[in-house]
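**Student:** Numbering (the working numbering), first residue to last: 90 to 267.
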Amino acid sequence: ETEFSDALLSLAKKPSLVVCDSQVFDKANAETPPDIKLTSFSILMAKKKGFLESAVRGVRAVETLRDGDTVLISEGCTHHRQCDDIGSVKIPRWLTEYTGRKLNFEFSSGKGFPENLSRYSLIVHCGGCMLSDRTVQFRMKTAADEGVPITNYGILIAYIKGILKRSIEVFPELSKEF
């Protein structure tokens, strides 16, 4: 993250695409020229897992969140949480700052995923790299069946940072929606 700008300038040929970690979207967006497409690992994983269209549609629910709503943040793996963890610290902070709402957050990780999703106003799921496509698609279907909007980390971060259209322009059929 601290060497990105210099690395980009040192390339003999300009890349056509930059893939970054969603957590550094702000910095990558500022340092990547507009003629170079920009996306994140999480967004690419959503496409691979068959989750991208649902995630893009689901992120719009951020605008309907109200005080007291509960958001489920679901992490597919069980990694050791660090002090500024993306799922348990950064996303709740960014969502709260963006919405200005007093939201409740619940968390699931690994194979754990609530059976009843009706109490959630939004589900924010990780990229799902440690889960099978089938598991991710089951979670999407469960949310859809219960009428709960679902998105993923990368889409949510791009949305609240104001760069969703740019981050999905690598998929022209979706970028038309924004």
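Virtual Cβ for every residue (Gly too), placed ideally from N, Cα, C.
Just so we're clear, the structure is a prediction, and the values are computed from it rather than from any experiment.
K230: which of K138, A150 and K116 sits nearest, CA to CA?
**Tutor:** As a first step, residue 230 is located in the sequence shown; it is residue number 141 there, counting from the start. Among K138, A150 and K116, the Cα nearest to that of K230 belongs to K138.
**Student:** Considering only their Cβ atoms, is the gap separating C218 from Y242 smaller than 8 Å?
**Tutor:** In the sequence shown, counting from the first residue as 1, residue 242 sits at position 153. In the sequence shown, counting from the first residue as 1, residue 218 sits at position 129. Result no, Cβ atoms of Y242 and C218 do not sit closer than 8 Å.
**Student:** Taking 8 Å as the threshold (C-beta atoms), are V145 and I244 in contact?
**Tutor:** Numbered from 1 along the sequence shown, position 155 holds the residue referred to as residue 244. Numbered from 1 along the sequence shown, position 56 holds the residue referred to as residue 145. Yes, these two residues count as a Cβ contact at 8 Å.
**Student:** With distance defined between alpha-carbon atoms, name the residue in V151, S207, K179 and P203 nearest to V237.
**Tutor:** Here the question's residue 237 lines up with position 148 in the sequence shown. Residue S207 is the option with its Cα nearest to V237.
**Student:** Unbroken beta strand (DSSP E) runs of length 3 or more, entirely within the stretch 195 to 257: which are they?
**Tutor:** Here the runs fully enclosed are 211 to 214 and 239 to 241.
**Student:** Where do the N-terminal and C-terminal ends of the beta strand (DSSP E) with K191 fall, by residue?
**Tutor:** Position 102 of the sequence shown, counted from the first residue, corresponds to residue 191. Counting along the chain, K191 falls outside any beta strand (DSSP E), and DSSP gives it neither H nor E.
**Student:** How many angstroms separate the CA atom of D110 from the CA atom of E235?
**Tutor:** As a working mapping, residue 110 is identified with position 21 in the sequence shown. As a working mapping, residue 235 is identified with position 146 in the sequence shown. D110 and E235: Cα-Cα distance of roughly 30 Å.
**Student:** Can you list, in chain order, the residues of its chain whose CB lies under 8 Å from that of Q112, leaving out five sequence neighbours each side?
**Tutor:** Position 23 of the sequence shown, counted from the first residue, corresponds to residue 112. Counting only Cβ-Cβ distances below 8 Å, and skipping sequence neighbours, we find I175, K179 and I246.
**Student:** Measuring CA to CA, which of E120, T91 and K136 is closest to E258?
**Tutor:** Counting from one through the sequence shown, the residue named residue 258 turns up at place 169. Of the candidates E120, T91 and K136, the one whose C-alpha sits nearest the C-alpha of E258 is K136.
**Student:** Could you have a look at K137 and say whether DSSP puts it in helix, strand or coil?
**Tutor:** In the sequence shown, counting from the first residue as 1, residue 137 sits at position 48. Residue state, collapsed to three classes: helix.
**Student:** Thinking C-beta only, is N193 closer than 8 Å to D158?
**Tutor:** The residue labelled residue 158 in the question sits at position 69 within the sequence shown. The residue labelled residue 193 in the question sits at position 104 within the sequence shown. Taking 8 Å as the Cβ cut-off, D158 and N193 qualify as a contacting pair.
**Student:** If the criterion is Cβ atoms closer than 8 Å, does the pair T128 and S210 meet it?
**Tutor:** Sequence index remark: in the sequence shown, residue 128 carries index 39 (1-based). Sequence index remark: in the sequence shown, residue 210 carries index 121 (1-based). No, Cβ-Cβ distance for T128 and S210 is not below 8 Å.
**Student:** Which parts of the stretch 114 to 168 are runs of the beta strand (DSSP E), unbroken and 3 residues or longer, counting only runs that do not cross its ends?
**Tutor:** For the stretch 114 to 168, whole beta strand (DSSP E) runs of length 3 or above, ordered along the chain, are 126 to 129 and 159 to 164.
**Student:** Could you pull the DSSP bridge partners for L106 from this structure?
**Tutor:** For the purposes of this step, residue 106 is identified with residue 17 of the sequence shown, where counting begins at 1. Its beta-bridge partners are K126.
**Student:** Can you tell me whether DSSP reads K179 as helix, strand or coil?
**Tutor:** By 1-based counting over the sequence shown, the position of residue 179 is 90. Helix at K179.
**Student:** If I'm right that I125 touches K102 with Cβ under 8 Å, what's the distance once you round it to whole angstroms?
**Tutor:** In the sequence shown, counting from the first residue as 1, residue 125 sits at position 36. In the sequence shown, counting from the first residue as 1, residue 102 sits at position 13. Between K102 and I125 the Cβ distance is about 11 Å, and since that is not below 8 Å, they are no contact.
**Student:** Can you tell me whether L100 is helix, strand or coil according to DSSP?
**Tutor:** Against the sequence shown, residue 100 aligns to sequence position 11. Three-state result, L100: coil.
**Student:** Determine the burial state of S99: buried for a count of at least 16 other Cβ atoms within 10 Å of its Cβ, exposed for fewer.
**Tutor:** Position 10 of the sequence shown holds residue 99. Burial call: exposed.
**Student:** Among F93, I162 and R155, whose alpha-carbon lies nearest the alpha-carbon of G189?
**Tutor:** Working through the sequence shown from its first residue, we reach residue 189 at position 100. Ranking the options by Cα distance to G189, first place goes to R155.
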